[in-house]
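Report on one structure; see the data block that follows.
Number of protein chains: 2
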Amino acid sequence: MTKSADKNGKTRIQREKRKQILEAALDVFSQFGYRGSTIDQIAKAAGLSKPNLLYYFPSKDAIHAELLSGLMDSWLDPMRALNAEGDPKEEILSYVRRKLQMSRDFPRESRLFANEIIQGAPRILPAIEGELRDLVAEKSAIIQGWIDAGRIAPLDPQHLLFSIWSLTQHYADFEVQVRAIMPSEERVYPRAEEHLETLFTRMLSV
Amino acid sequence: MTKSADKNGKTRIQREKRKQILEAALDVFSQFGYRGSTIDQIAKAAGLSKPNLLYYFPSKDAIHAELLSGLMDSWLDPMRALNAEGDPKEEILSYVRRKLQMSRDFPRESRLFANEIIQGAPRILPAIEGELRDLVAEKSAIIQGWIDAGRIAPLDPQHLLFSIWSLTQHYADFEVQVRAIMPSEERVYPRAEEHLETLFTRMLSV
DNA sequence: CCCCATTTTGACCAAATGGTCAGGATCAGG
DNA sequence: CCTGATCCTGACCATTTGGTCAAAATGGGG
Numbered sequence: 003m004t005k006s007a008d009k010n011g012k013t014r015i016q017r018e019k020r021k022q023i024l025e026a027a028l029d030v031f032s033q034f035g036y037r038g039s040t041i042d043q044i045a046k047a048a049g050l051s052k053p054n055l056l057y058y059f060p061s062k063d064a065i066h067a068e069l070l071s072g073l074m075d076s077w078l079d080p081m082r083a084l085n086a087e088g089d090p091k092e093e094i095l096s097y098v099r100r101k102l103q104m105s106r107d108f109p110r111e112s113r114l115f116a117n118e119i120i121q122g123a124p125r126i127l128p129a130i131e132g133e134l135r136d137l138v139a140e141k142s143a144i145i146q147g148w149i150d151a152g153r154i155a156p157l158d159p160q161h162l163l164f165s166i167w168s169l170t171q172h173y174a175d176f177e178v179q180v181r182a183i184m185p186s187e188e189r190v191y192p193r194a195e196e197h198l199e200t201l202f203t204r205m206l207s208v
Numbered sequence: 003m004t005k006s007a008d009k010n011g012k013t014r015i016q017r018e019k020r021k022q023i024l025e026a027a028l029d030v031f032s033q034f035g036y037r038g039s040t041i042d043q044i045a046k047a048a049g050l051s052k053p054n055l056l057y058y059f060p061s062k063d064a065i066h067a068e069l070l071s072g073l074m075d076s077w078l079d080p081m082r083a084l085n086a087e088g089d090p091k092e093e094i095l096s097y098v099r100r101k102l103q104m105s106r107d108f109p110r111e112s113r114l115f116a117n118e119i120i121q122g123a124p125r126i127l128p129a130i131e132g133e134l135r136d137l138v139a140e141k142s143a144i145i146q147g148w149i150d151a152g153r154i155a156p157l158d159p160q161h162l163l164f165s166i167w168s169l170t171q172h173y174a175d176f177e178v179q180v181r182a183i184m185p186s187e188e189r190v191y192p193r194a195e196e197h198l199e200t201l202f203t204r205m206l207s208v
């Protein structure tokens, strides 16, 4: 009890290796989806043997579940920050910018999520029908309030949110396609940000 | 030579069964991705035994390849129809409407494509870097021409095309999420069409 | 209804996959 | 530097998977 089981219930090695494994698993799962990925692949990517990996996680499923559960929360953060008290147009534009930043900085997470949804969300449907749904309801109401007050142009708040998601996540999820079409363009994201700023500015102007 | 090998080089049964198989494979591949799908799954969905399926197609890969190659072409059709001679705003809006219709009528095809791209487009990268890239270049030039003529508001033509793709395909690829958030809403697509019409109208107005 | 081409099947195979286990290597506190 | 806990490995196992094959069933033109 003295040497092991520190405050976290884990040793230093456990913390390090678990992080390594999750990092590798993110690489693999985000590219091949759950069923298309193998424990061996993940183990190799993490620099471990398969039995060694299974010493840290009980199963393939457990790794995937841990990744997803950690993801959902941070994924919703940019939307949570949407503040009813702020300036409507600026609030929405900030949300778009934050979301685009996440596509740029965490494309693997975006693809992991996309894979899960496309395949019918077998593992996170509850979270979508719960947390996400509630959050959407809350923020839709705020946006509707802005519209009713004549502070932004009228539109469907829920579809506005869908538009924000699809426009921003596209750059991460379909990165290969984007790059194939603008190969020389190093600065995809700055241009994308400009474009989306233009788009939403025009769209929201009364 | 008399009884078999009609004009198509295939018998009636071959034509029927191959169609059945492709139909079933579309169901399965679009949901689980290539690596996540099994021949047995497809065979069962098509009402055949595995060896019987393999009598009609030489391998799992061949089925997938045939689906994808057939897809690429029809996928680009709506963009091909974009006509430099037409009214700019109406041309773009028609393109959006056609693309949204495809999401509504062929969601499995959309997801098959999305799966392929997310996973790095291992099988259709050439087509993307070829046909698609050329078509984008061509249509971007047309749009740029409209902008230069002051007929639509200025914006980045390539990113405009990305926006059209992402906004419309989202309703097919993330259908589960959309439905989870608007479960009561039977009329997702009519509303989506209205929303996108509003969005692009505002965006393109000088 | 005969006969050959076409279609279908069950049995089979090698490789891959998720997971287990006993024992050996290593680490760190005393 | 000893000792028990932690960490790691090779060997192993059952199941799944992509694919083959010989032989049986079926079909349809003559």
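Protein chains in written order, with the working numbering: chain X, 3 to 208; chain Y, 3 to 208. Where is the CB? At the ideal position from N, CA and C, for every residue including glycine.
Is it buried or exposed, residue i, if we count other Cβ atoms within 10 angstroms and call 16 or more buried?
i: Y/Ile-15; result: exposed
i: Y/Ala-143; result: exposed
i: X/Glu-21; result: It should be pointed out that residue 21 of chain X corresponds to Lys in this sequence rather than to Glu. So X/Lys-21 ends up on the exposed side.
i: X/Gly-38; result: buried
i: Y/Ala-182; result: buried
i: X/Ser-186; result: exposed
i: X/Asn-85; result: exposed
i: Y/Val-208; result: exposed
i: Y/Ala-139; result: exposed
i: Y/Gly-83; result: One detail in the question is off: residue 83 of chain Y reads as Ala in this sequence, not Gly. Result: exposed.
i: Y/Gly-152; result: exposed
i: Y/Asp-89; result: exposed
i: X/Pro-214; result: An answer regarding residue 214 of chain X cannot be provided, because it is not within the stretch 3 to 208 covered by chain X.
i: X/Gly-147; result: exposed
i: Y/Asp-150; result: exposed
i: X/Ser-32; result: buried
i: Y/Thr-13; result: exposed
i: Y/Asp-158; result: buried
i: Y/Ser-71; result: exposed
i: Y/Ser-51; result: exposed
i: Y/Ser-76; result: exposed
i: X/Arg-189; result: exposed
Which of the three DSSP states is assigned to residue i in this structure?
i: X/Lys-91; result: helix
i: Y/Asp-136; result: helix
i: X/Ser-39; result: coil
i: Y/Arg-153; result: coil
i: Y/Ala-83; result: coil
i: Y/Gly-49; result: coil
i: X/Lys-62; result: helix
i: X/Lys-19; result: helix
i: Y/Lys-141; result: helix
i: Y/Lys-101; result: helix
The alpha helix (DSSP H) that contains residue i, what's its start and end?
i: X/Gln-171; result: 159-175
i: X/Phe-202; result: 190-206
i: Y/Asn-117; result: 109-120
i: Y/Met-126; result: Note that residue 126 of chain Y corresponds to Ile in the displayed sequence, not to Met. Segment: none, Y/Ile-126 is in no alpha helix (DSSP H) and carries neither H nor E.
i: Y/Ser-186; result: Looking at the DSSP string, Y/Ser-186 is not in any alpha helix (DSSP H), and its letter there is neither H nor E.
i: X/Leu-56; result: 52-58
Using 8 Å for Cβ pairs, my map puts residue i next to residue j. What's the rounded Cβ distance?
i: Y/Arg-125; j: Y/Glu-133; result: Contact flag wrong, Cβ pair sits at about 14 Å.
i: X/Ile-65; j: X/Phe-202; result: The pair is not a contact, with the Cβ atoms about 37 Å apart (cut-off 8 Å).
i: X/Ala-129; j: X/Met-74; result: 5 Å
i: X/Ile-41; j: X/Lys-19; result: Going by Cβ atoms, the distance from X/Ile-41 to X/Lys-19 rounds to 15 Å, so no, they are not a contact pair.
i: X/Ala-194; j: Y/Arg-204; result: That pair is no contact at about 19 Å.
i: Y/Gln-121; j: X/Phe-34; result: 6 Å
i: X/Leu-198; j: X/Leu-78; result: Actually they do not touch by this definition, with Cβ atoms about 20 Å apart.
i: X/Gln-179; j: Y/Ala-123; result: 7 Å
i: X/Leu-162; j: X/Lys-91; result: Going by Cβ atoms, the distance from X/Leu-162 to X/Lys-91 rounds to 12 Å, so no, they are not a contact pair.
> Counting Cβ pairs closer than 8 Å, one from the region 45-61 of chain X and one from the region 23-36 of chain X, do we hit at least three?
Replying inline: Taking a cut-off of 8 Å on C-beta distances, the region 45-61 of chain X touches the region 23-36 of chain X, as three or more cross pairs fall below it.
> If you pair each beta-carbon of the region 27-35 of chain Y with each one of the region 110-124 of chain Y, do three or more pairs fall below 8 Å?
Replying inline: With three or more CB-CB distances shorter than 8 Å, the region 27-35 of chain Y counts as touching the region 110-124 of chain Y.
> Are the region 163-178 of chain X and the region 168-179 of chain Y touching by the rule of at least three beta carbon pairs closer than 8 Å?
Replying inline: Taking one beta carbon from each stretch, the region 163-178 of chain X and the region 168-179 of chain Y have 3 or more pairs nearer than 8 Å; the two touch.
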